[in-house]
Structure formats: structure tokens, C-alpha cells
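In terms of my numbering, the sequence shown has 273 at position 229, counting the first letter as 1, and numbering is strictly consecutive.
Just so it is clear, CB atoms sit at the ideal spot from N, CA and C, and this is done for glycine as well.
If you're wondering where the values come from, they're calculated on a predicted model, not measured in any experiment.
This report refers to the structure that appears directly beneath it.
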Amino acid sequence: MPHLPAILEEIAAEMAAAPERGRPADYIPELAAVDPNQFAISVALADGQQFSAGDAATKFSIQSVSKVFTLAIALGRLGDQLWTRVGREPSGLAFNSILQLEHEQGRPRNPFINAGAIVVTDAILAGHAPRELLGELLRFIRTAAEDDDIHINESVARSESETGHRNMALAHFMRAHGNLLNPPEMSLGAYFHQCAVEMTTAQLARAGRFLVNAPGLPHLVSATRVRRINALMMTCGHYDGSGDFAYRVGLPGKSGVGGGILVIAPGRASIAVWSPGLNAQGNSKLGTEAVELLARRTGWSVFG
Ligand code: GLN
45 MPHLPAILEE IAAEMAAAPE RGRPADYIPE LAAVDPNQFA ISVALADGQQ
95 FSAGDAATKF SIQSVSKVFT LAIALGRLGD QLWTRVGREP SGLAFNSILQ
145 LEHEQGRPRN PFINAGAIVV TDAILAGHAP RELLGELLRF IRTAAEDDDI
195 HINESVARSE SETGHRNMAL AHFMRAHGNL LNPPEMSLGA YFHQCAVEMT
245 TAQLARAGRF LVNAPGLPHL VSATRVRRIN ALMMTCGHYD GSGDFAYRVG
295 LPGKSGVGGG ILVIAPGRAS IAVWSPGLNA QGNSKLGTEA VELLARRTGW
345 SVFG
């Protein structure tokens, strides 16, 4: 793809000039303080080449993008048993909604909404101390990215622990239904810390290569699992904005309220984009616009 560096520079320049940038998440105080004028995009190709544009050396809070890695670990550990505790359908509701949980007896719709991700973390915690699980998560991400300089930001984790009452409500509600096996504080502590992992787009794009399914790339999970994780990213990775993302970008993606998005072009590339301003569904506004342009200019949509 000889034009890729030029395409990325063009997109970064267009995003730098964007008048409407969305608003950074403000319910986690540490995230509210991030400068909304930043933008970065990185692409790691199946053949090993990598290209970036914008602030690709700046670390950001990956937040819900971490749910892709915990899901991969959970499927490796529990296999299909995981699906007794969490579904595989889009929710059509906000990432932190509690509405469906009561109707559906404490079984979350999918592993990417908060309730579902808390269950996934709870499932892989079983029998381990949160510190061990977080160590395993960091090892997984560092191996995938081939980079040991990836860490958890304790201030962000603390900031969310002190203010995350909605997540506490979700966890306690699921515990009341017997769908949380550890004390809620323990599963939540691990969950808040996994969300506080920090990476640059260059690191995240490299870490995402395990989902590309191409020869020569890290095979941390089986090809079948990769396909299934990509299917969930396509249908549920952007919460109640998942349909819109599929329509506009045509690639599986997972967003986080830190403004990051991991996007996979199966067989071709792993893409990471970051801009802190969010749209109404809590997904990066310029990040979505940027990958929409990238998919159009490269012709990478899975829909042809
Ligand atoms: N830590 C965030 C929360 O639980 C993650 C949400 C997100 O990134 N969409 O609210």
C-alpha cells in the first residue's frame, strides 16, 4: 500500500482542521482534563510495516478497548462456557445502561457493554488476586504489541474507583442475580485498572495485530476465536453506535471513552485511532470520522 503514509498524513491534517471535535468524557475526572485538540492514527500492516500520523507517541487511556483483550483471555480460559454468563447480541443502549439487566435476570447482552465486561473480568478473576489478573493482562498486551513499555495509570484507576457509582450499581445488581462470583469490589477494582491501561496509537495498532488473522502475525488466540471476536466488535463494539459505525466504516472496531478506537481490517491491518472528544454515544467523534475516511480511501471495508 504505497500511498498509506500519504493517506494518513492527509487524514491527520483534515482532523487537525475539524471545527467540531466532540467533548471528552467528564464522568471520570482524570479523563475530563485531557486536551481535546489531540489526534493520532496508526496502522500496523500484516506484512510488518507500520505507519502513523499525528500525536502517535502520546499515551492515552484505552478504557473500553481493554475489553477486547480481557475477552480474548476469557475465551482462552473458559471457552464457550463464558456464554452462559453473558450474551452475544447488541444492546441498542448506552454502554453503562442498567435497563436491560433487570428484564434479563442479570445476564448482560454482550461482553463489551460495561455490565458484560465486568462479568468477563469477574470470570477470569476466579481464584486469582486482582494483581495476578492485571499482570496477565499486561503480559498479553505487551506480548501482542512486542513492547514492554505498557502500564496502568494508577491515578486514572483511582479517579474511576472514586466516582464509578454506575458500575458499582451494575456489579451489585449482577451479584444479586448470582452472575458475579467474586465480591463486587474485587471485580470492579480489576475492571477499573484494566480500563486505566495507557498506550500510544502505535502500540495499540501493534497489539491489535493478533486479531488480523494473517500469516506471520502473533497468534495469541486461534483463528476461529479471532473471527468471533471480530464479529462481536462489529455488532457490539460501539454500543448503541455499532450500527452506525458498521455503516460508515465497514470494519470491526472497539471504542473507549478515552477517545481511542481499535479497528481491524481482517487479513490486512490493525488500526488504532485516538481523539479525546466523544459523540453522543460515547465514541470518539474524530476517531470515527478518521477511520471512515481511511476505509474509504483504502477500500478495506469487509463489505466490498
Ligand atoms: N471505564 C469506563 C466505564 O466503565 C469504560 C467505558 C468505556 O470506555 N466506554 O465507564
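Going down the chain, each residue whose beta-carbon is closer than 6 Å to a heavy atom of ligand 1 shows up: 107, 108, 139, 140, 158, 204, 211, 239, 300, 301 and 326. The region 217 to 230 makes no contact with the region 46 to 62; the number of CB pairs closer than 8 Å stays below 3. Only residues of its own chain outside the window of five on either side were considered, and among them 134 have a CB closer than 8 Å to the CB of residue 287, listed in chain order. Counting along the chain, the unbroken alpha helix (DSSP H) around residue 144 starts and ends at 143 to 147. Per DSSP, residue 94 is one residue of the beta strand (DSSP E) stretching across 94 to 98.
Beta-bridge pairing by DSSP links residue 87 to 95 and 315. Assigned with DSSP and collapsed to three states, residue 109 falls in helix. Excluding residues up to 5 positions away in sequence, 134 and 286 lie with their Cβ nearer than 7 Å to the Cβ of residue 279 in the same chain. When the Cα atoms are used, residue 74 and residue 300 turn out to be separated by approximately 14 Å. Out of 225, 197, 175 and 84, the CA that lies nearest to the CA of residue 129 is found in 225. Residues of the same chain with a CB within less than 7 Å of the CB of residue 102, apart from the 5 flanking positions on each side, are 82, 84 and 244 in chain order.
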